[in-house]
């Protein structure tokens, strides 16, 4: 097994102490950067990139891998503590994470996110190491029709996000889809809803909208409902980590999250954010307690957080096998290679075997370092829970304004965040779902452009979605998922009132 | 390896410190009054993108030529024009310069109707380099020559699928201009960038790919695609056996060029200092190696020639943008 020998050699020859210091620094910066709204994983890596010039290629890659892994986790800290996703990929963690925090279980949710995320990251790296070449060939079978089908599959989650009114959920989702149409349309080059302002050219900044809909609206809600809001905000801040039994309780969601993360990661164009929502939806379907989802389910935190970490391995498949970055974060890794004079492409694995294996070894170590580094940072973050509501609300609004401004230095972004805070407040008051809007926005971009591109590839024929096996299977699953509740509903009404809680495995 | 580079960094730091001090002490010579502090090189795209990578390599190559370092500042957004707006508002003292290409300095300002952010709001410093625009086919392609392909396309309009980057980018202009020149119509499939377009092509979902060699060189080596025809003025040094569109009788000449601009009104003497520095940087080994690795070609032009080039480039890009109906009215 020369593969294993290479890996061991890479680990053995890695300069241990400086290497680990670099990794710890990378992971710590990644977690902190990821936790700041406006600094996504790719931005955190980009900010670190200039500091890698003085390093050799291997150390630079390992440092960036650390930032990447850290940011995947970091985004969930404010998502769980403050309902403020630090990165788009952490938006799904808001759904149950913040509910858990309101129940005084913030540290448990953060612990689940950290541990399950690490497991997902590690498994995906191992899959990457073992199968990078075959997976690289497999991914060429995924093209626009498959990605469109995946986006549609993910959008079925809208049905699960709104229990009271399906119509309002659908309206919220469509509002999100509508928001994605703003900007320069890459397929025709025409401008849509930019109102003559160049800031709208690249579309609405998704993190500003998310932070507005989730965090700012929550702050407005707490300001207007102080008596009910205050005890929630302070919480009965327990700092206990999840117990082994609790972790065992989420194994199913972790497995689902890992599988979804790897597959979605390999699919070109689909990324961590899409994977976390799809994983949330699937974990709910496979869960023994789907009724808890949305009301503070540990599984509802474990699945998306595992998935967005597991995307890392999948993203690197096209990056290493074909030299085509699987995501913005992977693109920064490629840039680091190019800046060090290494040309990425299908020969990277054979021409620079040593370097690639150092990267593999680094990825494993970086994911292992997540637990200690994450724990230390997490402990510090939990102190937030001790702040009094006025101080906390004021600080959060300040962070929102600074964070969303700092990313692009556009004044438009903090304005967007505040405006969507008001919209989110209104949606909440009238029973609409902010989460469905975010989901529509995340998957809408994919769904629209991939649908139109599929139809260009097929010369306008819709048959492309049934003649391509992978797309057909995904669309059949989507149809099944949509029809299943209706069928169950019809059946339960034909029988004479069966036990309504006997909601057996809703798998497809 | 690491120790070496650490030593190098330390030495560079020490050297620049010594230089910084000596510049302050030395009696003023013509070169010494500019630059006396670091120059800000603004890039309109995020770190790690194509533009950013080349800007950094260029700044690195200019190290030691100018007495002061060139620091990269990324101002991404609005298709690169956010950086234009930033640089236009900076003092015209030569300490802020912009890394610009056709997209950010001509196409996007035209499409979005922002004449104040177009290239003529700046003074040209130098055109630096560029990447040729190629059309690729699969090794088992049924067309062996461009003529065969054009004959097929005439008989079968919109059957040949061409994967490329977004409409409004140079890739799409190459395809469109060839359609016009040859009287054919192709099925252009736009993507968010060259990477996704390459995946569509490699997956067998398009017959042709339009783009730069840098992104696909290893796929050519791996015999997954072959260069078919190039949209350059003369034959390319990279694949000299591949014909140009022009020699086949279709006047389609496009390249992705990159350049340096300064805000309009910058003193000509300072622009001259910068131009000379970049010209020397382009001759350095580090730049040549980097440029060669990236399969890019030198396209150096001084301020006067570059200005003439920009006037022509704007005129012909305006025509194609209007043909595509991309301009806001």
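Chains as they are written, first to last, in the working numbering: chain A, 53 to 560; chain B, 175 to 503. Using N, Cα and C, we set each Cβ at its ideal position, and we do this for glycine too. It should be emphasised that the depicted structure is a prediction, and the values quoted were computed from it without experimental measurement.
In this structure the stretch 230-243 of chain B touches the stretch 449-467 of chain B; the number of beta carbon pairs closer than 8 angstroms is three or more.
Between residue 487 (chain A) and residue 191 (chain A), the gap from beta carbon to beta carbon reaches 8 angstroms or more. By the criterion of a C-beta distance shorter than 6 angstroms, residue 380 (chain A) is surrounded in its chain by 94, once the five residues flanking it on both sides are discounted. By the C-beta criterion, the stretch 358-366 of chain B is judged not to be in contact with the stretch 436-445 of chain B, since fewer than 3 inter-stretch pairs fall below 8 angstroms.
Distance from the Cα of residue 258 (chain B) is smallest, within the candidate group B:382, B:296 and B:210, for B:296. Rounded to the nearest whole angstrom, the C-alpha separation of residue 102 (chain A) and residue 149 (chain A) is 35 angstroms.
Residue 364 (chain A) is outside the set of residues whose beta carbon lies under 8 angstroms from a beta carbon in chain B.
Taking the beta carbon of residue 475 (chain A) as reference, no residue of chain B falls within 8 angstroms; the closest one sits roughly 23 angstroms away. Counting every other CB atom within 10 Å of its CB across the protein chains shown gives residue 69 (chain A) a total below 16, marking it as exposed. According to DSSP, residue pairing for residue 296 (chain B) in a beta bridge involves B:437. For residue 273 (chain B), the enclosing beta strand (DSSP E) stretches over residues 270-275.
Any Cβ of chain B closer than 8 angstroms to the Cβ of residue 457 (chain A) would place that residue at the interface, and such an atom is absent. Excluding residues up to 5 positions away in sequence, 344, 430, 431, 487 and 491 lie with their Cβ nearer than 8 angstroms to the Cβ of residue 276 (chain B) in the same chain.
Cα atoms of residue 365 (chain A) and residue 209 (chain A): separation of roughly 25 angstroms, rounded to the nearest angstrom. Contact of residue 255 (chain A) with chain B is not assigned, every C-beta pair being separated by 8 angstroms or more. Between the stretch 233-249 of chain A and the stretch 432-450 of chain A, the count of C-beta pairs closer than 8 angstroms stays below three; the two stretches do not touch. Beta-bridge analysis with DSSP links residue 328 (chain B) to no other residue. In the structure shown, residue 341 (chain A) adopts coil according to DSSP, grouped into three states. Assigned with DSSP and collapsed to three states, residue 318 (chain B) falls in coil, not helix or strand.
Here the alpha carbon of residue 145 (chain A) sits roughly 31 angstroms from the alpha carbon of residue 517 (chain A). Beyond the five residues adjoining it in sequence on each side, residue 108 (chain A) comes within less than 8 angstroms, by CB distance, of 392 in the same chain, given in chain order. Contacts with chain A at 8 angstroms (Cβ-Cβ) include residue 393 (chain B). With a threshold of 8 angstroms between beta carbons, residue 366 (chain B) makes contact with chain A.
Annotation: Cβ neighbours of residue 505 (chain A) in chain B (cutoff 7 angstroms, chain order): 363. At a cut-off of 8 angstroms, the C-beta of residue 227 (chain B) has a neighbouring C-beta in chain A.
When rounded, the separation of the alpha-carbon atoms in residue 260 (chain A) and residue 90 (chain A) is 7 angstroms. Around residue 187 (chain A), no beta-carbon contact reaches into chain B at under 9 angstroms, the shortest distance being about 14 angstroms. The straight-line gap separating the alpha-carbon atoms of residue 496 (chain A) and residue 513 (chain A) is approximately 21 angstroms.
Between the alpha carbons of residue 294 (chain A) and residue 227 (chain A) lies a gap of roughly 37 angstroms. Here the alpha carbons of residue 440 (chain A) and residue 275 (chain A) stand approximately 13 angstroms from one another.
Interface flag for residue 89 (chain A) against chain B is unset, since no Cβ pair is found closer than 8 angstroms. Taking C-alpha positions only, residue 338 (chain A) is separated from residue 312 (chain A) by approximately 13 angstroms. When 7 angstroms is used as the limit between beta carbons, residue 222 (chain B) is near these residues of chain A: 98, 101, 383, 384 and 387, in chain order. The beta carbon of residue 175 (chain A) sits closer than 6 angstroms to those of 310, all from its chain and outside the five residues before and after it, given in chain order. Counting only residues of its own chain and dropping the five nearest sequence neighbours on each side, residue 331 (chain B) has a CB closer than 6 angstroms to the CB of 359. In this structure, DSSP gives residue 429 (chain B) an extended state, which the three-state scheme calls strand.
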